[in-house]
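Q: Encoded as structure tokens, here's the structure I'll be asking about.
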Amino acid sequence: MPDHLFVSYSSVDGEEFSLRLADALAAGPPAFSVWVDKRKLRPAEDWDEQIVEAIKTCKGMIFVMTQDSVQPLSVCKAEWVRALRYKKLVIPLLVYREAELPFRLGSREYVDFTGSFDTALARLRKHLSWMDSRAGQLQALKDRLADARRELPRAASNQRTRIQEDIAELDRNIAQQQAIIDNPQAADQRVKESIERGLELEREPAKPVTGIAHSKFINPPPLVAPTWFQDRYVETQPLSFIKKRQETGERAWGGSLTG
């Protein structure tokens, strides 16, 4: 399950703030896992692929709004556009008063860091904690649905089917999440019953036992003569040899072989 927050910022005028923010969020309480390229990029590997993978697997993106990061040609635009494509929640942070939200992010409420850092950090922490709640998950689904509906009329013809499928899935997920919020006891009971069914299946044997298994020997060892035949040389001689001695009347070991 995704657990980290991706920090999108401009290295021109947002690096110092972003590293400070990452350290503060990681320190807690509560502590949050934060992905910042300066701390997470692995050397000797393709940086673009690492960034794309980090966005794809994040649970949300923190967009640090500075004068450079909101420019049309900023690398940050490629990052938050990719986040929207992956249906990720984008949280804007206003660091410079002159920075304006990009058009596609205009409906999102930003966290104002132009004043006290600690005050804004506390508000951000509260919002990140709320994101994990049922109400927060519902709002994230609604934001994703609004993004998909805005994207649909502007999408190329070969992308519209995918977007329509995303919208239908989001509608179903929103209805399910709303039902959970409206009746949490019923949702908890369904979860409990599902867990109990899973435990019951684990207790049952994978295959029923139908009978006693019999061992099969491959290349069994040669048979050993019973004890009453061991050390009895005469009785174990070949019949042809005994018959020959009978014909000659030869005696052996103090007794007649003929009786």
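If you count by our numbering, then the sequence shown holds residues 3 to 261, one letter each, in order.
Every residue, glycine too, gets a C-beta built ideally from N, C-alpha and C.
(1) Roughly how many angstroms separate the alpha carbons of CYS78 and ASP120, rounded to a whole number?
(2) Alpha carbon to alpha carbon, how far is GLU55 from ASN175? Give it in angstroms, no decimals.
(3) Counting C-beta neighbours from all protein chains within 10 Å, is the total for ALA24 16 or more, i.e. buried, or is it exposed?
(4) Assuming LEU123 and ARG146 are in contact, meaning their beta carbons sit under 8 Å apart, how far apart are those beta carbons, in whole angstroms?
(5) Using 8 Å as the threshold, is the C-beta distance between SER13 and VAL38 below it?
(6) Considering only DSSP beta bridges, list what ASP114 is partnered with.
(7) Give a yes or no on whether the C-beta atoms belonging to MET1 and ALA101 are separated by under 8 Å.
(8) What's the C-alpha gap between ALA80 and LEU86?
(9) Cα separation between ARG99 and LEU75?
(10) Use the C-beta contact count for ALA170: other C-beta atoms within 10 angstroms, 16 or more gives buried, fewer gives exposed.
(11) Please list, in chain order, all residues of the same chain as ASP15 whose beta carbon is under 8 Å from its beta carbon, the five residues on each side excluded.
(12) Here's the rule: buried if 16 or more other CB atoms are within 10 angstroms of the residue's CB, otherwise exposed. What is ASP149?
(13) Where does PHE34 fall in DSSP's three states?
(14) Provide the residue span of the beta strand (DSSP E) that contains SER159, from first to last.
(15) So, is the C-beta of ALA46 closer than 8 Å to a C-beta in chain C?
(16) How would you write the range of the beta strand (DSSP E) that GLY62 sits in, first residue to last?
(17) Return the first residue and the last residue of the beta strand (DSSP E) that VAL9 is part of.
(18) Quick one: what does DSSP say GLY138 is sitting in, helix, strand or coil?
(19) Counting C-beta neighbours from all protein chains within 10 Å, is the total for LEU107 16 or more, i.e. buried, or is it exposed?
(20) Distance, Cα to Cα, TYR88 vs ASP5?
(21) Would you check if the distance between the CB atom of GLY62 and the CB atom of LEU43 is smaller than 8 Å?
(22) Assuming VAL77 is part of the alpha helix (DSSP H), what are its boundary residues?
(23) Can you tell me where the alpha helix (DSSP H) with ASP25 in it begins and where it stops?
(24) Output yes or no for whether 8 Å exceeds the beta carbon distance between LEU95 and ILE64.
(25) Under a three-way DSSP split, which group does SER13 fall into?
A: Taking the coordinates as given:
(1) Translated into positions along the sequence shown, residue 78 becomes position 76. Translated into positions along the sequence shown, residue 120 becomes position 118. Straight across, the Cα-Cα distance linking CYS78 with ASP120 is about 25 Å.
(2) Start at 1 with the first residue of the sequence shown, and residue 175 comes out as number 173. Start at 1 with the first residue of the sequence shown, and residue 55 comes out as number 53. Between the C-alpha atoms of ASN175 and GLU55 there is a straight-line separation of about 25 Å.
(3) For the purposes of this step, residue 24 is taken as residue 22 along the sequence shown, with counting starting at 1. So ALA24 counts as buried.
(4) Taking the sequence shown and counting its residues from 1, one reaches residue 123 at position 121. Taking the sequence shown and counting its residues from 1, one reaches residue 146 at position 144. In this structure, LEU123 and ARG146 do not form a Cβ contact; the two beta carbons are roughly 26 Å apart against a cut-off of 8 Å.
(5) By one-based count along the sequence shown, residue 13 stands at place 11. By one-based count along the sequence shown, residue 38 stands at place 36. Not a contact, by the Cβ cut-off of 8 Å.
(6) Position 112 of the sequence shown, counting from 1, holds the residue named residue 114. Partner(s): LEU96.
(7) The requested residue 1 does not occur in the structure, where the chain is confined to residues 3 to 261.
(8) Residue mapping note: residue 80 aligns to position 78 of the sequence shown, counting from 1. Residue mapping note: residue 86 aligns to position 84 of the sequence shown, counting from 1. Their Cα atoms are separated by approximately 10 Å.
(9) Start at 1 with the first residue of the sequence shown, and residue 99 comes out as number 97. Start at 1 with the first residue of the sequence shown, and residue 75 comes out as number 73. C-alpha separation (whole angstroms): 20 Å.
(10) On the sequence shown, residue 170 is found 168 positions in, with the first residue counted as 1. So ALA170 counts as exposed.
(11) Stepping through the sequence shown from its first residue, residue 15 is reached at position 13. Once the five neighbours on either side are set aside, the close Cβ partners of ASP15 are THR68, GLN69, ASP70, SER71 and TYR98.
(12) Here residue 149 refers to the residue found at position 147 of the sequence shown. Its Cβ being crowded by 16 or more others within 10 Å, ASP149 is buried.
(13) For this step, residue 34 is matched to residue 32 along the sequence shown. In this structure, PHE34 counts as coil in the three-state DSSP scheme.
(14) As a position in the sequence shown, residue 159 is number 157, starting the count at 1. Annotation: SER159 is outside any beta strand (DSSP E); the continuous alpha helix (DSSP H) that includes it extends over 159 to 184.
(15) Judged by its chain identifiers, the structure shown contains no chain C, having just a single protein chain.
(16) Taking the first residue of the sequence shown as position 1, residue 62 is located at position 60. Residues 62 to 67.
(17) On the sequence shown, position 7 is the one that residue 9 refers to. Bounds of the beta strand (DSSP E) holding VAL9 are 6 to 10.
(18) Here residue 138 refers to the residue found at position 136 of the sequence shown. Helix, per DSSP.
(19) Taking the sequence shown and counting its residues from 1, the one referred to as residue 107 is at position 105. LEU107 is classed as buried because its beta carbon has at least 16 other beta carbons within 10 Å across all chains shown.
(20) Taking the first residue of the sequence shown as 1, we reach residue 88 at position 86. Taking the first residue of the sequence shown as 1, we reach residue 5 at position 3. Cα to Cα, TYR88 sits roughly 15 Å from ASP5.
(21) Within the sequence shown, numbered from 1, the residue matching residue 62 stands at position 60. Within the sequence shown, numbered from 1, the residue matching residue 43 stands at position 41. Result no, Cβ atoms of GLY62 and LEU43 do not sit closer than 8 Å.
(22) By 1-based counting over the sequence shown, the position of residue 77 is 75. That run of the alpha helix (DSSP H) goes 77 to 87.
(23) For the purposes of this step, residue 25 is taken as the residue at position 23 of the sequence shown. 17 to 29 is the span of the alpha helix (DSSP H), which, as asked, contains ASP25.
(24) Here residue 95 is taken as the residue at index 93 of the sequence shown, counted from 1. Here residue 64 is taken as the residue at index 62 of the sequence shown, counted from 1. Result yes, Cβ atoms of LEU95 and ILE64 sit closer than 8 Å.
(25) Translated into the one-based positions of the sequence shown, residue 13 becomes position 11. Here SER13 sits in coil by DSSP.
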